[in-house]
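Novice: Structure provided below as C-alpha cells; questions to follow.
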Amino acid sequence: RTYCARWHVLTIWLLSSFVNQCMWLTFAPVVDPCSRMYNVPRILFSSFATCGTLTYIPGTWWFSRMLEKSDLRRVVLTASTLAVLGVVLRFFAHVVLQPLVPRFGYAVLFIGQCLVCIGAPAFLQNPALFGEIWFSQKERDLISSVAMLVPRVGQGFGPFLATLCVRTEDATGLSMFLGIQMAVSILLGWWVFWKFDAAPPTPPTVAAARNTRIGARSASESTFALWLKLFRRPQYMLLWSVFTVGVCCSSCLLSLYDDFAGKCGYGTAIGGFASLAYMSAGVVGLVVTGLIIGKAPAYRSALKSTTTLAVCAGSALFLGMHEKATVSLLLCTAFFGMTMLSVIPCIFACAVEETYPMPTEASTGLLTISTILLQVPAIPLLSAVLNNQGNECLHFSPAHIIVVTMSLLFCLCPALLYKGKYRRMEAEQCDR
Numbered sequence: 004r005t006y007c008a009r010w011h012v013l014t015i016w017l018l019s020s021f022v023n024q025c026m027w028l029t030f031a032p033v034v035d036p037c038s039r040m041y042n043v044p045r046i047l048f049s050s051f052a053t054c055g056t057l058t059y060i061p062g063t064w065w066f067s068r069m070l071e072k073s074d075l076r077r078v079v080l081t082a083s084t085l086a087v088l089g090v091v092l093r094f095f096a097h098v099v100l101q102p103l104v105p106r107f108g109y110a111v112l113f114i115g116q117c118l119v120c121i122g123a124p125a126f127l128q129n130p131a132l133f134g135e136i137w138f139s140q141k142e143r144d145l146i147s148s149v150a151m152l153v154p155r156v157g158q159g160f161g162p163f164l165a166t167l168c169v170r171t172e173d174a175t176g177l178s179m180f181l182g183i184q185m186a187v188s189i190l191l192g193w194w195v196f197w198k199f200d201a202a203p204p205t206p207p208t209v210a211a212a213r214n215t216r217i218g219a220r221s222a223s224e225s226t227f228a229l230w231l232k233l234f235r236r237p238q239y240m241l242l243w244s245v246f247t248v249g250v251c252c253s254s255c256l257l258s259l260y261d262d263f264a265g266k267c268g269y270g271t272a273i274g275g276f277a278s279l280a281y282m283s284a285g286v287v288g289l290v291v292t293g294l295i296i297g298k299a300p301a302y303r304s305a306l307k308s309t310t311t312l313a314v315c316a317g318s319a320l321f322l323g324m325h326e327k328a329t330v331s332l333l334l335c336t337a338f339f340g341m342t343m344l345s346v347i348p349c350i351f352a353c354a355v356e357e358t359y360p361m362p363t364e365a366s367t368g369l370l371t372i373s374t375i376l377l378q379v380p381a382i383p384l385l386s387a388v389l390n391n392q393g394n395e396c397l398h399f400s401p402a403h404i405i406v407v408t409m410s411l412l413f414c415l416c417p418a419l420l421y422k423g424k425y426r427r428m429e430a431e432q433c434d435r
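Every position in the sequence shown, counted from 1, becomes a number in our numbering once 3 is added.
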C-alpha cells in the first residue's frame, strides 16, 4: 500500500535537490568582480563551476557506502548537513574574512563550495530508488522522472537567480544572496531532520520489499563490485552507451551553444534563450514520457522511439543553425530538449528492469557517474575542434560531424539493438 506521507517526503526531496544544484553555480555570473574582490586569478573562481565534477567521484563512493550500511534518510540528512556547513562557511568567508584577508577568505569560500557540491550525488544518483521505495508501480516512473529533472532545472535556475539578485559588474548584493541561501539551507536541513523518513511503514510494491531486503545486505558486496558485474552484462552496456554518450553530446552542445551559433552570425544572447527553450520543452517531454510509461510500461519501445527522435532533432538543430533564423533555431532547440530529456526516464526504467534484483541505486548510479566523467574531457576537446574551424559557417563542420556520428553509432544503434528483459515487472506479476 501507499501512504499520504509520500507526498510530504517527495516535497522535501525535490526542494533539497533543487536548492543543492542552485548553489552549485552561484558564482558563475560574477566570476570577474569576485576574482578582483578576493585578489585571486580569474581561473580560480571559474573553477567553482567544476567543483561539482571534482567532488562527484568521492561523493559517489561515500554515499554508496553509506547506503550499503544504512538507509536513504541518512544519505539525505548527511547531504543536507554538508550543504548547511558549506553555505555557512561561504557566508562567513565573504562577509567576515574577505574584507580582512581576501585570499584566506577565498580558501574558506572554496572549502564551503566543495562541501555544498559533495552532497550532489545523494540526489543525482538515487531518483529511481526513491521512486521505488515510496510510490506504487503506476506512480514510480513519473516520480523518478520528476526527481531526475528537478536538480537539472536547479543547475539552470541557479545562475539565472544570481544574475537577478547580484550586480554582475561589481558583485553588489552577493552578501545578501549568500545569506538568503544560508537561511533556506538551514530551514531545509531542519525539515529533513524532523520529517524525512527512509521508507514507508510497508513497501508499496514487491520490488520495493525486495529492494529493502537487498538494501540491508551485508557490505560484503560493495556498489563498486556490482558496477563491475554490470559492465559484463551486454544489454545493460547498450543502455550505458545510449545514456552516457547521449547526455554528453547534449551537454557539449549546450555548453558550446554560443560557439556553434556564433559562427553562423547569431549573437551571444542566443545561448541563454536556447537553454531556456531546451529546458522548458524538456520538462514537458520528460513529464509526458513519465506519465505514458507509468500507465503503459512498454519501456523498450519507448526507448527506441525517443532515442530516434532525439538523434533526428539534434541533426535538425545543426541544420537550423545555418539558416540564420532565430525563431526556427529556438524551435529546433526546444524540440531537441523535449526528445532528449524524454529518453532519460526510459533508460532508467530499462536499466532497473534489466538488472533486477540488483539494487536500483547501483544500475542508475553507474549511468550518472559515467556521464559526469565523460563530460570532463569531451567539452574542452570539442571546443578545440570548434576553434580550429575558424569563423566559417558550415552545414556540417568537423564538430557537427563528430557529434552526429557519435549519436548515431553510440546512441541510436545501441537503442535499436536493445532487447533487455522486464525482470522487475515479471517478478511483481508472479507474486500477485
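The beta carbon of each residue, even a glycine, is placed where N, CA and C say it ideally should be.
Just to check my reading of the structure: M40 and C252 have Cβ atoms closer than 8 angstroms, yes? What is that Cβ distance to the nearest angstrom?
Specialist: Contact doesn't hold; Cβ gap of about 37 angstroms is too wide.
Novice: At 4 residues or longer, and completely inside the stretch 100-151: list those alpha helix (DSSP H) runs for me, N to C.
Specialist: Here the runs fully enclosed are 105-121, 123-127 and 130-137.
Novice: To test your reading of the DSSP string, which unbroken alpha helix (DSSP H) runs of 4 or more residues are found completely within the stretch 289-363?
Specialist: 302-325 and 329-358
Novice: Quick check: the stretch 159-176 against the stretch 306-317, are there 3 or more CB pairs under 8 angstroms?
Specialist: no
Novice: Are the stretch 202-209 and the stretch 331-339 touching, with three or more C-beta to C-beta distances below 8 angstroms?
Specialist: Because the criterion of three Cβ pairs below 8 angstroms is not met, the stretch 202-209 and the stretch 331-339 do not touch.
Novice: Using CA coordinates, which residue listed in M324, A31 and G423 is at the minimum distance from R261?
Specialist: The sequence given here has Asp at residue 261, not Arg. Nearest option by C-alpha distance: M324.
Novice: Where does C54 land, buried or exposed, given buried means 16+ other C-beta within 10 angstroms?
Specialist: buried
Novice: Is A365 buried or exposed, if buried means 16 or more other CB atoms sit within 10 Å of its CB?
Specialist: The residue is buried, with at least 16 neighbouring Cβ atoms inside 10 Å.
Novice: To which residues of the same chain is T247 closer than 6 angstroms at the C-beta, ignoring the five residues directly before and after it?
Specialist: So the qualifying residues of the chain are S373, T374 and L377.
Novice: Thinking F196 and L80 are a contact (beta carbons under 8 angstroms), I'd like their distance in whole angstroms, please.
Specialist: 6 angstroms
Novice: Is D74 helix, strand or coil when you go by DSSP?
Specialist: In the structure shown, the three-state DSSP call for D74 is coil.
Novice: If you scan the stretch 19-85 from start to end, which runs of the alpha helix (DSSP H) of 4 or more residues do you find wholly inside it?
Specialist: Complete alpha helix (DSSP H) runs here, min 4: 34-41, 45-49 and 54-72.
Novice: Flag this pair as yes or no: are the beta carbons of L233 and Y421 separated by less than 8 angstroms?
Specialist: Going by C-beta atoms, L233 is not nearer than 8 angstroms to Y421.
Novice: Taking A123 as the reference, which of T58, F263 and R106 has the closest Cα?
Specialist: Measuring from the Cα of A123, the nearest candidate turns out to be T58.
Novice: Whose C-alpha, out of V406, T5 and T292, is nearest the C-alpha of L257?
Specialist: V406
Novice: Could you spell out where the alpha helix (DSSP H) holding L415 opens and where it closes?
Specialist: Careful: L415 lies outside any alpha helix (DSSP H) and carries neither H nor E.
Novice: With distances taken between CB atoms, is the gap from A212 to R76 smaller than 8 angstroms?
Specialist: no
Novice: With a Cβ-Cβ cutoff of 8 angstroms, do S83 and S19 count as a contact?
Specialist: yes
Novice: Between the Cα of W10 and those of N23, G157, A150 and A264, spot the shortest distance and give me the residue it belongs to.
Specialist: Among N23, G157, A150 and A264, the Cα nearest to that of W10 belongs to A150.
Novice: Who are the near neighbours of H403 in its chain, counting only those whose CB is closer than 6 angstroms to its CB and skipping five residues on each side?
Specialist: F321
Novice: Cα-Cα, which of L177, S50 and T29 is closest to G161?
Specialist: T29
Novice: Is it a yes or a no for the stretch 139-146 touching the stretch 96-106, going by three-plus beta-carbon pairs under 8 angstroms?
Specialist: no
Novice: Can you check whether the CB of N23 is closer than 8 angstroms to the CB of F2?
Specialist: The first residue shown for the chain is 4 and the last is 435, placing residue 2 beyond what the model contains.
Novice: On the three-state DSSP scale, how would you describe V156?
Specialist: helix
Novice: Taking just the CA atoms, how far does N42 sit from E172?
Specialist: Whole-angstrom Cα-Cα distance: 16 angstroms.
Novice: Just to confirm, is the Cβ distance from W265 to L145 under 8 angstroms?
Specialist: A quick correction: the sequence has Gly, not Trp, at residue 265. Going by C-beta atoms, G265 is not nearer than 8 angstroms to L145.
Novice: Please report the distance separating the alpha-carbon of Q432 from that of N394.
Specialist: 59 angstroms
Novice: Which residue wins for smallest C-alpha separation from F351, given the options T63, V388 and A305?
Specialist: For F351, the closest of T63, V388 and A305 by C-alpha to C-alpha distance is A305.
Novice: Tell me whether C255 sits in a helix, a strand or coil according to DSSP, three-state version.
Specialist: helix
Novice: CA-CA distance, A8 and L191?
Specialist: 17 angstroms
Novice: Report the rounded CA-to-CA distance for S318 versus C349, giving the unit in angstroms.
Specialist: Going by the C-alpha atoms only, they are around 21 angstroms apart.
Novice: For a test of the three-state rule: what should DSSP assign to D173, helix, strand or coil?
Specialist: Three-state result, D173: coil.
Novice: By alpha-carbon positions, which one of M179, F51 and S254 ends up nearest to A381?
Specialist: S254
Novice: Helix, strand or coil: how does DSSP classify C7 here?
Specialist: coil
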